[in-house]
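S.K.:
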Amino acid sequence: MEMKRIFVHTYGCQMNVHDSEKIVALMENSGYEIVDDEKKADLIIINTCSIREKAAQKVYSQLGRLRKLKEKKPELIIGVGGCLAQQWGAKFIEKAPYLNLVFGTHNICHLPEFIKMIEKTGMPQVKTEFHESVKSLGILPRSKNGKVSSYVTIMQGCNNFCSYCVVPYVRGQEESRKFCDIVDEVKTLAASGIREVTLLGQNVNSYCGTNGIVHDFTDLVQEIGTISGIERIRFTTSHPKDLSDKLINCFSAVDILCEHIHLPVQSGSDRILKMMNRCYTFADYYEKVDKLRTVCPDISITSDIIVGFPGETDTDFQATIDMMGKIRFDSSFSFKYSEREGTAAAELKDKVSECIKRDRLRIVQDLQDRHTIERNRAMIGNKEEILVEGISKNSHKDLTGRTRTNKVVNFEGNYELIGKTVSVMIIDAYLHSLRGELTKEEVAKCLLR
Ligand code: SF4
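Each residue of the sequence shown is one higher than the last, beginning at 20 in our numbering.
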């Protein structure tokens, strides 16, 4: 029987990228193969994100394009999954009647059954109910040959209800995977050649898994730190209020925990943080940053910043600018506030005009660029440990990899180094990457290999 083909469009965060890997693994087990050209596909899945307005807009334009493809190939099955599918449900089919499937965040594991049902009946399916236990947490994507890094989902959902965010509504309540299942998955990844794992969850710090006894996130990091073959652990995302001293101390106690943390601050104004329901003040946040830098002086700290939250005055915005000057993030993602239907912030009056939001965003991004360059330049002359991920996109002569602090470094080297950890001297610094060269010791080692 001829194999069917699947193509997946992914929008949004690392959680979604990993969910798409799970979707592909499920459909491969049902006789599909992945293709890199949607025109060749029998099944196209759009895995959506509703956190940012831009991602949602892209999905709508994508759907418009796919309608033309469906007109030429009526047997093509098109499905929409992810957060936006969870939020919109049947409304998606009203807007795009040629869609065959809308499936929510708790229903990924049933995808093969949904597809069979569509093939049998020709009827569109809408599956957005929440389940008590999210089975997709345990789907293991097939490990790809030559890959050195892998995501591992440890929990999903969120109980925090930040006033601007839809995640608690579209991903549901927090659910942690079993401690032993995660440890087993990481051991399997290590055996398949994976050297670096990134532990994923909407709020990894509140991980609470059982294994006879209850384990917190720190226990998990410490346990993974003992798995032979794994050289690096990363995690994302952390909520500042749940960042414990115990976890901060892991940055010195667990050798393979990389010196990088993504710690979204969102605003420097306590008044705005309160309206956002973030449950910390800037002083609380700063105290954690201070502890992190005391325990681990070279740690790189990245963040998320929202400008133009309803009611944000010039004084509030200035507090954000002052905060950035005090902390000097290695990099940050910054966004204009955009309303999300159903969230508490959508009810707030005193909206900030688009024009002011745009100006504030530009000021934040310009300042961040200056800080990023400053932090990157400070690394010139350092010897850094690089896990080599592959060939640079910019030059086939260059290899590319990341420092433990999560900075991209390009350097000349033999392709045989891909997948290995090497020592590189940083010789130049730019906004988005660093330039390096293999250290003399590393070149000598290469000659002996
Ligand atoms: S912590 Fe806040 S911003 Fe993050 S996913 Fe939960 S509700 Fe959304």
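Built from N, CA and C at the ideal position, the CB exists for glycine as well.
Could you check whether the stretch 137-153 touches the stretch 251-259, counting it as contact only if at least three pairs of C-beta atoms, one from each stretch, sit closer than 8 Å?
M.R.: Taking 8 Å as the limit for Cβ pairs, the verdict is that the stretch 251-259 does not touch the stretch 137-153.
S.K.: Spell out the partners DSSP gives Gln76 in its beta bridges.
M.R.: Within the sequence shown, residue 76 is the residue found at index 57, counting from 1. Bridge partners of Gln76: none, in fact.
S.K.: Quick check: is any heavy atom of ligand 1 less than 7 Å from the C-beta of Gln221?
M.R.: Numbered from 1 along the sequence shown, position 202 holds the residue referred to as residue 221. Yes, Cβ of Gln221 sits closer than 7 Å to a heavy atom of ligand 1.
S.K.: Within the stretch 210-283, note down every full beta strand (DSSP E) run reaching 3 residues or more, in order along the chain.
M.R.: Counting whole runs of 3 or more residues, the stretch 210-283 contains the beta strand (DSSP E) stretches 215-219, 227-230, 232-235, 251-255, 279-281.
S.K.: Under three-state DSSP, which class holds Tyr304?
M.R.: The sequence position of residue 304 within the sequence shown is 285, counting from 1. Residue state, collapsed to three classes: helix.
S.K.: What do you reckon, is the C-beta of Phe254 under 7 Å from a heavy atom of ligand 1?
M.R.: Working through the sequence shown from its first residue, we reach residue 254 at position 235. Flag unset: Cβ of Phe254 not near ligand 1.
S.K.: Given this structure, state the Cα-to-Cα distance separating Thr334 from Ile291, to the nearest angstrom.
M.R.: Locating residue 334 in the sequence shown gives position 315, where the first residue counts as 1. Locating residue 291 in the sequence shown gives position 272, where the first residue counts as 1. Rounded to whole angstroms, Thr334 to Ile291 spans 11 Å at the Cα level.
S.K.: Which one of Ile42, Ile158, Ala272 has the shortest CA to CA distance from Thr245?
M.R.: Start at 1 with the first residue of the sequence shown, and residue 245 comes out as number 226. Checked all of Ile42, Ile158, Ala272; the closest Cα to Thr245 is Ala272.
S.K.: Which complete beta strand (DSSP E) runs does the stretch 167-215 hold, if anything under 3 residues is left out?
M.R.: Complete beta strand (DSSP E) runs here, min 3: 168-172.
S.K.: Buried or exposed for Gln337, please, with buried defined as at least 16 other CB atoms from any protein chain shown within 10 angstroms of its CB.
M.R.: Here residue 337 refers to the residue found at position 318 when the sequence shown is read from its first residue. The residue is exposed, with fewer than 16 neighbouring Cβ atoms inside 10 Å.
S.K.: Give a yes or no on whether the C-beta atoms belonging to Val240 and Gly438 are separated by under 8 Å.
M.R.: The residue you call residue 240 lines up with position 221 of the sequence shown. The residue you call residue 438 lines up with position 419 of the sequence shown. No.
S.K.: Find the nearest neighbour of Ala463 within the set Val441, Ala302, Ile445, Gln33, judged by alpha-carbon distance.
M.R.: For the purposes of this step, residue 463 is identified with residue 444 of the sequence shown, where counting begins at 1. For Ala463, the nearest C-alpha among the options comes from Val441.
S.K.: By alpha-carbon positions, which one of Glu52, Ile318, Val43, Glu40 ends up nearest to Glu21?
M.R.: For this step, residue 21 is matched to residue 2 along the sequence shown. Here the closest residue by C-alpha is Glu52.
S.K.: Would DSSP call Leu457 helix, strand or coil?
M.R.: The count along the sequence shown starts at 1 and reaches residue 457 at position 438. Looking at Leu457 - three-state DSSP - the assignment turns out to be strand.
S.K.: Helix, strand or coil: which one does DSSP assign to Ser442?
M.R.: Reading the sequence shown from its first residue, position 423 is the one you call residue 442. Strand at Ser442.
S.K.: In angstroms with no decimal places, state the Cα-to-Cα distance between Arg251 and Tyr117.
M.R.: The residue given as residue 251 occupies position 232 in the sequence shown. The residue given as residue 117 occupies position 98 in the sequence shown. So the two alpha carbons sit approximately 45 Å from each other.
S.K.: Could you check whether the Cβ of Val186 sits closer than 7 Å to any heavy atom belonging to ligand 1?
M.R.: Against the sequence shown, residue 186 aligns to sequence position 167. Indeed, a heavy atom of ligand 1 lies less than 7 Å from the Cβ.
S.K.: What's the gap between the Cα of Gly83 and the Cα of Ser169?
M.R.: Against the sequence shown, residue 83 aligns to sequence position 64. Against the sequence shown, residue 169 aligns to sequence position 150. Their backbone Cα atoms lie some 33 Å apart in a straight line.
S.K.: Please determine whether the Cβ atom of Cys68 lies at a distance below 7 Å from any heavy atom of ligand 1.
M.R.: For the purposes of this step, residue 68 is identified with residue 49 of the sequence shown, where counting begins at 1. Cys68: no, Cβ never under 7 Å from ligand 1.
S.K.: Cutting at 7 Å between CB atoms, please list the residues of its own chain near Tyr299, excluding the five before and the five after it.
M.R.: Translated into the one-based positions of the sequence shown, residue 299 becomes position 280. If we look at Tyr299 and ignore the five residues flanking it on each side, its Cβ neighbours are Pro259, Lys260, Leu292.
S.K.: Please list, in chain order, all residues of the same chain as Glu358 whose beta carbon is under 6 Å from its beta carbon, the five residues on each side excluded.
M.R.: The sequence position of residue 358 within the sequence shown is 339, counting from 1. Taken in chain order, the residues that qualify are Ala365.
S.K.: Please report the residue range of the beta strand (DSSP E) in which Glu138 lies.
M.R.: Here residue 138 is taken as the residue at index 119 of the sequence shown, counted from 1. No beta strand (DSSP E) holds Glu138; the alpha helix (DSSP H) holding it covers 130-140.
S.K.: On a CA-only basis, which of Phe122, Glu461, Arg454, Ser350 is nearest Gly420? Give me that one, please.
M.R.: Your numbering for residue 420 matches position 401 in the sequence shown. The candidate whose alpha carbon is nearest that of Gly420 is Arg454.
S.K.: In the DSSP output, which residue or residues are listed as bridge partners for Asp447?
M.R.: Your numbering for residue 447 matches position 428 in the sequence shown. Asp447 pairs with Arg454.
S.K.: Using the rule of at least 16 other Cβ atoms within 10 Å of the residue's Cβ for burial, across every protein chain shown, is Thr19 buried or exposed?
M.R.: In the structure displayed, the chain extends from 20 to 468; residue 19 sits before or after that span and is not available.
S.K.: Regarding Phe328 and ligand 1, is the C-beta to nearest heavy atom distance less than 7 Å?
M.R.: The residue you call residue 328 lines up with position 309 of the sequence shown. No, the beta carbon of Phe328 sits no closer than 7 Å to any heavy atom of ligand 1.
S.K.: Let me know the secondary structure DSSP gives Phe352 once reduced to three states.
M.R.: Position 333 of the sequence shown holds residue 352. In the structure shown, Phe352 sits in a strand (DSSP, three-state: E or B).
S.K.: Could you give the C-beta distance for Glu72 and Phe26, rounded to a whole number, given that I count them as a contact under 8 Å?
M.R.: To locate residue 72, count along the sequence shown from 1; it is residue 53. To locate residue 26, count along the sequence shown from 1; it is residue 7. About 25 Å; that fails the 8 Å criterion.
S.K.: Helix, strand or coil for Glu366 per DSSP?
M.R.: Translated into the one-based positions of the sequence shown, residue 366 becomes position 347. It is helical.
S.K.: Measure the Cβ-Cβ separation of Gly176 and Glu193 and say whether it is below 8 Å.
M.R.: In the sequence shown, the residue the question calls residue 176 occupies position 157. In the sequence shown, the residue the question calls residue 193 occupies position 174. Closer than 8 Å, so yes.
S.K.: Can Cys177 be considered in contact with ligand 1, in the sense that its beta carbon sits closer than 7 Å to one or more heavy atoms?
M.R.: On the sequence shown, residue 177 is found 158 positions in, with the first residue counted as 1. Yes, since a heavy atom of ligand 1 falls inside the 7 Å radius drawn around the Cβ of Cys177.
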